[in-house]
Amino acid sequence: MCGCQYHWILDILEWMCLPLVQNIPSILKKLNAGSFLQYKARRPMLLKQVRSFIGESVKSLNIKAGNCL
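Quick note: to get this note's numbering, add 92 to the position in the sequence shown (first position is 1).
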């Protein structure tokens with residue numbers, strides 16, 4: 093299984109030879125789909141933060157390199 097069908101809890105339950113509760117696969121599928129949508133909504137903000145951090149780091153390195161020369 094992969095994508096929104098997969099959930100690690102199902103693997104653990106199977107590994108421990110425990111029975112699956114009737115609705116647990118559908119509940120976990122909904123949770124996975126919701127998590128993915130939240131990540132997708134936050135992704136542009138996270139990318140901006142990473143780019144900003146990288147930009148500040150490069151500026152800092154340029155200033156330090158200029159001071160060393």
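Don't be surprised by glycine CBs; every beta carbon is placed ideally from N, CA and C.
Because the structure is a prediction, the values reported are computed rather than measured.
On a Cα-Cα basis, can you pick out the residue from the options that is closest to residue i?
i, options, result
"residue 116", "141, 99, 107", "99"
Once DSSP output is grouped into helix, strand and coil, what is the label at residue i?
i, result
"residue 113", "coil"
"residue 108", "coil"
If I measure Cβ to Cβ from residue i and keep anything under 8 Å in the same chain, skipping five residues before and after, which residues do I get?
i, result
"residue 101", "116, 120"
"residue 108", "none"
Residues in the same chain with beta-carbon distance under 7 Å from residue i, minus the five sequence neighbours each way, listed in chain order, please.
i, result
"residue 105", "112"
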